[in-house]
Each structure stands twice: as C-alpha cells, then as structure tokens.
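In what follows, a single structure is set out as structure tokens and then discussed.
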Amino acid sequence: MELREQIANAGDPHDLWARTINPQFVRVLRTIGFDRTWVRAEGAHLYDDNGDRYLDMLGGFGMYNVGRNNPRIRAALIEALELDTPGMLAMGVTGLPGLLADALLARAGGRLERCLFTSSGTEAVEAALKLGRAATKRPRVLATDHGFHGLTLGALSANGNPEFTARFQPLLPGFDHIPFGDLDALERELRSEDVALFIVEPVQGKGVNLPPAGYLEGAQALCRTYGTLFCIDEVQTGFGRTGKLFAYEHWGLEPDLVPVAKSLSGGYVPVGALLMSRRVHEAVFDSMSNALSHGSTFAPNELAMAAGLATLRELDDEGLVDRAAVLGRRLLEQTLPLVDELDVVRDVRGLGLMWAIEFEGDGRMYRMLERAQRGLFAQLVVVPLFSQHRILTQVAGHDMAVVKVLPPLTISEEDLDTFVVALRTTISRARRMPSSLTKFALTAAGIGR
Ligand SMILES: Cc1ncc(COP(=O)(O)O)c(C=O)c1O
C-alpha cells in the first residue's frame with residue numbers, strides 16, 4: 004500500500020501514538036488543545052486536516068532554520084537517492100562526508116580543524132565529553148545551572164535542570180555545575196587543573212538566557228589559563244539562529260569543541276557533528292589501532308551529508324544568517340515596549356531569531372496560578388496563541404513563566420508582525436484571566452478538573 008493510503012487509513016494519529024508510542028504525551032496535547040491532525044508543512048507554516056494554516060514560531064525546537072520542506076534541500080536529497088551512492092562503507096570512505104566536513108570547518112574557522120559526524124545533538128555532546136576527557140587525561144566536566152545539552156546519560160550529566168536529572172541518578176561522576184555568568188565560580192573550579200572541559204551554551208535554550216557582557220570571553224581566557232577545553236554547544240544556536248552562522252562569532256571566540264546538529268540537515272535527516280581542534284583529535288585518534296576510537300554505525304550517513312551541503316548553500320544563497328539578525332532586531336524593537344505597556348511582562352530578550360518573553364505578576368489570580376505551578380501564566384499565553392491565533396509557540400522550560408520562539412529564518416516580516424499583534428492581544432486578555440482560562444490552567448497543571 005502507498006504511504007499516503009496507509010496514513011489515511013490509520014485514522015487519528017493521536018490514538019495510535021497513545022497506544023504504541025507515548026500515551027502521556029498525547030494526554031498533554033489533548034489537554035492543551037494541540038492535538039491537531041497535521042497534514043502538510045511549508046516554510047514557516049503548518050496545515051491541519053481542516054485546511055487551516057498555522058504559523059510555526061517553534062521551528063521543531065529550532066531544526067527548521069531553512070524552513071519546513073525547503074525545496075532545494077528536498078531536491079538535493081532526491082538527487083542523492085537517485086545517484087545510488089555507495090552509502091556507508093564501514094571499511095572505506097566516500098565523497099559526501101568529506102565535502103560537508105570541509106564546508107563546515109571552512110565556515111567555523113579558528114582552532115576547529117576536524118569534524119566527527121553523529122546522528123543527533125546529544126551524540127555530538129557525548130563525543131565532546133568523551134574525547135575531551137581522553138585528550139586532556141582529566142576526569143572532570145564543568146557545566147552551568149539551567150544548561151541543556153541533550154538527554155543521553157553523558158549529556159544528561161552536564162544538564163543543569165533537576166527536572167531532567169533527578170529521576171535518573173546516579174549520573175556520571177566528575178560533573179559539576181556552576182551558575183551561568185559567574186566567572187569567579189568558574190575559576191574556583193578550574194584552579195584544581197583537573198577539569199577536562201567547560202561546556203556552555205552561548206545563549207541558554209531553557210529560558211533564552213543571554214550571557215552577561217564579557218562572560219564568554221572571560222570563560223575562554225580562564226579555560227586557556229588552566230588547560231581546560233572550551234566547549235561551546237551550538238546545537239540550538241548554530242546555523243544562523245542568532246544572526247551569525249555560529250553564535251560564538253558574536254564574541255570573537257575560538258572554542259576547542261563545538262557540537263552542532265538540529266538545522267544542519269534542513270530538518271530532513273537526523274544529523275549532528277562535533278567540530279574540534281586538531282590537538283584534541285590527534286590526542287585521541289593517535290594511532291592506527293585507535294583510528295576507530297569513537298563513532299557510530301549510521302554516522303556519517305549520506306542523506307544527512309547531502310542535506311547538510313544543501314543547507315549550508317541555502318543559508319548562503321538566501322542570506323538567511325543576516326536575515327535572522329535583521330528580523331531579530333525587528334522582533335525585539337516591536338516587543339520591548341510590552342515591558343512598559345503590560346504589567347505582567349517582566350522582560351523581553353533575544354538574539355537573532357531566538358527570542359523570549361518573561362512574565363511576572365502580583366495580582367491575586369497570578370499568585371494563585373504561581374502557587375498551583377510555577378510559570379503557569381505562560382501556558383495562558385501559549386494556548387490561546389495556538390487555539391485563537393493559530394500560532395505555535397512553547398513555554399521555554401519547566402517552572403518558568405517564559406514563552407520562547409525559534410521560527411524558521413525564512414519567516415516573512417508580515418508573519419512576524421502578525422505574531423506580535425497576536426501576542427499583545429493574548430497577554431492583555433490573559434492578565435484579565437477569564438475564569439474559563441483559569442480553570443483550564445489548573446486542569447493543565449493537574450490540579451483542577
Ligand atoms: C543546546 C543543545 N544541546 C544539545 C541538544 C540535544 O540535541 P538532540 O535533541 O539532537 O539530541 C539540544 C536539544 O535541544 C540543545 O538545545
């Protein structure tokens with residue numbers, strides 16, 4: 004049977020997911036009314052089975068920088084399939100991975116001279132942790148509070164969010180966390196000269212926390228002083244998201260290790276990579292018997308490589324990196340006034356098209372919601388944005404009243420303006436908090452019915 008028929012005959016995908024994949028996730032979607040049947044996507048838009056169009060301000064958690072179903076990436080994939088390339092040889096090499104590695108390293112610059120492909124962001128982080136420790140012969144890893152680097156065991160050990168880590172103890176030994184932005188704390192830990200690497204997101208994804216002025220430059224200098232590798236996790240910030248191809252360019256940094264993933268394949272094929280200095284690579288892959296010290300069966304896969312090459316070309320040809328910078332400034336300019344305009348808006352912040360709005364209130368209703376569950380007000384914004392304005396956004400993390408967006412960098416000015424108008428209306432309404440919404444919020448928190 005054709006795929007199209009199989010999908011049509013399968014009925015509501017939520018039922019099948021609930022039965023076979025994850026019933027609790029389906030419950031969440033149904034509770035907040037996100038259980039649409041999606042049939043198509045294009046650029047920054049999603050379409051449901053009623054033919055209704057939704058604006059995607061979430062971009063698949065930031066993997067659709069070049070837009071959903073980008074025709075140039077699709078064409079490259081079709082071409083790669085039609086070429087009947089040799090695929091993964093296991094004992095042998097082919098052309099595409101070298102081409103993509105070369106293109107990535109040429110753009111990354113600085114110390115980054117070697118590329119190890121993976122199939123996801125968390126695996127790229129795993130590689131950084133593992134190779135970083137082996138290269139320095141040091142046991143410890145430093146990471147930041149609220150940092151997010153993936154959910155496999157090594158990356159999870161670097162995770163600074165207890166809601167992800169608490170139930171999965173014990174994690175790997177030798178991992179410590181320090182506050183994001185605190186150079187004194189970093190130096191205190193580095194002084195013992197047993198820290199292999201310091202891993203940090205240039206802009207923290209959970210909450211969209213921007214680094215204080217001088218922090219990342221200072222962190223790099225301290226790492227150099229104490230012989231620690233400086234690892235900038237660009238899985239979410241990479242490929243133009245913040246208005247530079249890699250966010251570290253904003254501060255002129257020269258990291259030793261850079262995990263990337265998400266948007267590298269245009270959102271089509273699982274992919275990741277660890278870009279690293281030659282010194283790190285040569286310390287680990289130091290002999291023929293160690294030539295295969297790290298890797299995985301499916302990486303590098305040829306479809307991901309073809310999509311990756313097409314994605315880099317697309318970012319260049321369409322000027323998407325500069326576009327993210329320009330549109331990001333526009334979004335900030337239009338939304339910063341909300342801080343003065345609406346009492347519940349505490350902060351608006353962002354870099355390029357990585358943007359967030361944070362809420363705070365002292366009204367009776369707001370306090371009641373906060374008591375029920377921290378950050379619940381943000382759901383009162385995300386849900387009507389979706390149900391009334393057909394705009395997909397997300398709460399930026401657990402226990403935080405922050406709404407975050409990561410739209411495709413191809414988004415139009417008009418769509419961005421539509422978002423701002425809808426946002427202003429939605430927040431104004433939410434702070435007046437009609438009782439139906441309050442009831443919904445309490446139900447979503449598992450408190451009301
Ligand atoms: C900064 C950062 N690092 C690593 C990861 C993990 O990537 P993946 O979900 O591809 O495993 C993410 C995912 O959101 C991320 O934002």
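Just so it is clear: in the sequence shown, position 103 is 106 by the numbering used here, and no numbers are missing.
All C-beta atoms, glycine included, are put in the ideal place defined by N, C-alpha and C.
- Judged by DSSP secondary structure, residue 430 falls within the alpha helix (DSSP H) whose first and last residues are 416-435.
- Between the stretch 143-151 and the stretch 294-313, the count of Cβ pairs shorter than 8 Å is below three; the stretches do not touch.
- Residue 229 is not bridged by DSSP to any residue.
- The stretch 309-322 makes contact with the stretch 100-112: 3 or more CB pairs, one atom from each, lie closer than 8 Å.
- When distances are taken from the beta-carbon of residue 128 to the heavy atoms of ligand 1, the shortest one is below 7 Å.
- Proximity of the beta carbon of residue 123 to ligand 1 is indicated: a heavy atom of the ligand is located closer than 7 Å.
- With a threshold of 16 other beta carbon atoms within 10 Å, residue 433 meets it and is buried.
- The shortest C-alpha to C-alpha distance from residue 47 to any of 417, 413, 421, 229 is the one to 413.
- Taking the Cα of residue 52 as reference, the smallest distance to any Cα among 114, 134, 43, 324 is reached at 43.
- According to the DSSP assignment, residue 56 belongs to the beta strand (DSSP E) that extends over 56-59.
- Sorting 179, 105, 212, 89 by C-alpha distance to the C-alpha of residue 202 places 179 at the top.
- In this structure residue 280 is buried. Its beta-carbon is surrounded by 16 or more other beta-carbon atoms within 10 angstroms.
- Counting other Cβ atoms within 10 Å of its Cβ, residue 22 stays below 16 and is therefore classed as exposed.
- Here DSSP, grouped into helix, strand and coil, assigns residue 291 to helix.
- Excluding five sequence positions before and after residue 271, the CB atoms of its chain that fall closer than 7 Å to its own CB belong to 76, 80, 310, given in chain order.
- Membership of residue 390 in the alpha helix (DSSP H) is indicated by the continuous run 379-390.
- For residue 148, the Cβ stays outside the 7 Å cut-off from all heavy atoms of ligand 1.
- Cβ-Cβ distances below 8 Å link residue 82 to 309 in the same chain, with the five nearest sequence neighbours on each side left out; the list follows chain order.
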